[in-house]
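What follows is one structure encoded as structure tokens, with my remarks underneath.
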Amino acid sequence: MTLAEKILARAGGKKIVTPGEIVTAKVDVAMSHENADVVLKAFREIGLKKVWAPERIVIIFDHRIPAESERTAATHKRVREFVAEQGITHFYDMKLGICHQVLPEKGHSIPGQLLVGTDSHTTTHGAFGTFAAGIGGTEMAGVWATGEIWLRVPETIKIIVSGKFKKNVSAKDLILYIIWKLGCDGADYKSVEFCGPTMDDMTIASRMVLSNLSMEMGAKVAFCPVDKKTIEYVSSRNKNKVEIIKPDADASYEKILEFDVSELEPQVACPHAVDNVKPVKEVKGIKIHQALLGSCTNGRLEDLASAAKILENKKVAESVRMLVIPASREIYLEAMKAGYLETFIKAGALILNPGCGPCLGGHQGLLAAGEVCISTTNRNFQARMGSAESFVYLASPATVAASAIKGEITEAL
Amino acid sequence: MIKGKVWKFGDDVNTDVIYPGKYLSITADPVEMAKHSFETVYPNFIKEAKPGDIVVGGKFFGCGSSREQAVTCLKHFGIKAIIAESFARIYYRNAINLGLPILVCKGISSKVNQGDIVDIEFETGKIKNTTTGEEMQATPLPAFIMEIINTGGLIPYLRQTAKK
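Chains as they are written, first to last, in the numbering used here: chain A, 1 to 413; chain B, 1 to 164.
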């Protein structure tokens, strides 16, 4: 069986499952952010007094922190009250950062487990070998009530990655290139398994970029190999015994694709679709007004390091607003110790508190009509980050930093 | 059987287009949400669509964010069903869980036009474009999913199960 099949068989109490089959699976971790407010409203409508397992529910505020409006403040308040009432064990108020970074840091992303989250980029946790899928708020209310969810066993696409990245080319460029090849629905309903020599060499942070953005080709779940590196990370965050889980040697795949990264060049997803990808050199020279470094895709320490190296002793162009958002408090502190924050501040960038920032158009740096933003985030849909007449280009931290200095889209040399 | 006028959209219509993120924190009132359906990119929809209409999408309808407001807004607008060549998985599940009938029908994009009237038979997946007379076959939903939709969505369904 593939990883998805193995985990769903276990969670569904079956010996074996095959793609297309629908299983009722037991959920290990149920994650929600501010939209826990939607969930709790639906949960109350079911008429149950208590959630199924308060220790398996994780709630975190990250989308609009600190509250940008009275309405959000009231949302936060309602959720806090619900957390207290239900005795929900793992509640991370607005101090820690983005859910897809904080959950691994706090030891909730475990190989072989089933995690559902009311956020589409929940696929990120597949980087740890977790069957992690996004669901809606009402469906989560069902999980809070029963601890179960019906899931269709997905077909699996295996992606073998080989080769060494060139300087200033990273996991972000690779996944944008893969999304361009497969299209935005190329993995719709599917499980993706990344493997190959490049994956073995890759840091946990880079693996998370691949699992995170696999959502943008429609994936239900997206796994990276579970190896020594994974076990070391997870064990340092969670006291429970963690085991390596691997697909069977005779697992059956719908498709096997191979990518060699040795000749890969920096890529950029152009407005208004994540699969509208071009090499950066083809769009070089487009003037930018905002440069955004952060998000659940690229707000980790290695991302900040890569941008800081380029911005060291340089200035962000006068015409550009550069926003830097560390993905979590832990990363924020590490970046401070490493001197990256000082580099950003001296270069003229603004540092915002860990969280989702303007990625989803909620607050903190929206765009006016006619403005262009180059961003390390995950979506460039029309009107997502502000005006319907603004333009978002998605790229790697290195490309964003280099473009911020020049005031126009450019490759990092 | 559902009969309604078609509102036709293209491929890859995402949830930011169906329900803009900027309204997520502004309202939790479904009636208010309905007023912002497709607002930024297809402003004509709110002005001209009527309760009882049917949304027809191309491939990968509802891609992007998991926000179920992108289903809630259409349901409370009075949209009776959504049919598309294919759906993004979270959107598909959200529609079922909120009790909004949803069907996958390959080839529908080339068989209906904006403003056509279609008849939909959910149990069998039979769709007829009564404007052109053309017939189509959608993939019928499994029985347990039909039951969730017919009960009005996951919440009423669970309430009913809890009683039993």
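Built from N, CA and C at the ideal position, the CB exists for glycine as well.
As the structure is a prediction and not an experimental result, all values here were calculated from the model.
Within chain A, the C-beta atoms nearer than 8 Å to that of alanine 88 of chain B come from Asp185, Asp188, Gly218, in chain order. If you draw a straight line from the Cα of aspartate 250 of chain A to the Cα of isoleucine 256 of chain A, it is about 13 Å long. Per DSSP, reduced to three states, the secondary structure at aspartate 119 of chain A is coil, with no helix or strand assignment. The stretch 5-25 of chain B makes contact with the stretch 63-73 of chain B, as at least three CB pairs between them are under 8 Å.
By the Cβ test, the stretch 188-197 of chain A is not in contact with the stretch 25-41 of chain A, since fewer than three Cβ pairs between them sit closer than 8 Å. Contacts between isoleucine 46 of chain A and chain B, judged by CB atoms closer than 8 Å, involve Ile155, Leu158, Arg159, Ala162 in chain order.
When CB distances to chain B are screened at a threshold of 7 Å, the residues of the stretch 372-392 of chain A falling below it are Arg379, Phe381, Gln382, Ala383, Arg384, Ala388, in chain order. Under the three-pair Cβ rule at 8 Å, the stretch 100-117 of chain B counts as touching the stretch 83-91 of chain B.
Every alpha helix (DSSP H) stretch that sits fully inside the stretch 70-94 of chain A and reaches 4 residues is listed by chain position as 70-86.
Beta-bridge partners of glutamine 137 of chain B (DSSP): B:Lys126. Around asparagine 276 of chain A, the same chain offers Ala269, Cys270 as residues with beta carbons nearer than 7 Å, after the five sequence neighbours per side are excluded.
C-alpha of cysteine 73 of chain B to C-alpha of lysine 35 of chain B: approximately 8 Å in a straight line. In this structure, DSSP gives glutamate 68 of chain B a state outside helix and strand, which the three-state scheme calls coil. If you look at alanine 249 of chain A, you'll find it isn't in any beta strand (DSSP E); DSSP assigns it neither H nor E.
Contact with chain A is absent for leucine 141 of chain B, since none of that chain's Cβ atoms lies less than 9 Å from the residue's Cβ.
For methionine 31 of chain A, the secondary structure class from DSSP, reduced to helix, strand or coil, is strand. With a threshold of 9 Å between beta carbons, glutamate 5 of chain A makes no contact with chain B.
Looking at the DSSP output, methionine 322 of chain A sits in a beta bridge with A:Ala291.
Counting along the chain, arginine 384 of chain A sits inside no beta strand (DSSP E), nor does DSSP assign it H or E at all. Your pair valine 280 of chain A and threonine 138 of chain A does not check out as a contact, with CB atoms roughly 41 Å apart and the cut at 8 Å.
The shortest CA-to-CA distance from glutamine 86 of chain A to any of A:Glu70, A:Val23, A:Arg56 is the one to A:Arg56. Scanning chain A for C-beta atoms nearer than 9 Å to the C-beta of proline 20 of chain B yields Gly361, Ala383, Arg384, Ala388, reported in chain order.
Looking at the DSSP output, threonine 131 of chain B shares a beta bridge with no other residue. For glycine 147 of chain A, no CB of chain B lies under 9 Å from its own CB, so it is not counted at the interface with that chain. Residue contact check for valine 38 of chain A against chain B: a CB pair falls below 9 Å.
DSSP, reduced to helix, strand and coil, places phenylalanine 131 of chain A within a strand of the structure shown. Rounded to whole angstroms, arginine 44 of chain A and arginine 237 of chain A show a C-alpha spacing of 33 Å.
For valine 31 of chain B, the closest Cβ of chain A is not nearer than 9 Å.
For glutamate 147 of chain B, not one C-beta of chain A is nearer than 9 Å to its own C-beta. Contacts with chain B (Cβ-Cβ distance below 7 Å) from the stretch 111-122 of chain A involve Thr118, Asp119, Ser120, listed in chain order. Residue burial annotation: alanine 291 of chain A is buried, with at least 16 other C-beta atoms found within 10 angstroms of its C-beta. The continuous stretches of alpha helix (DSSP H) do not include proline 142 of chain B, and DSSP gives it neither H nor E.
Closest in C-alpha terms to phenylalanine 144 of chain B, from the list A:Ala145, A:Val23, A:Lys95, comes A:Val23. At a cut-off of 9 Å, the C-beta of isoleucine 135 of chain A has a neighbouring C-beta in chain B. Counting only Cβ-Cβ distances below 9 Å, phenylalanine 60 of chain B has contacts in chain A at Gly183, Cys184, Asp185, Asp188, Gly218, in chain order.
Our two residues, lysine 106 of chain A and threonine 122 of chain A, have alpha carbons roughly 15 Å apart in a direct line.
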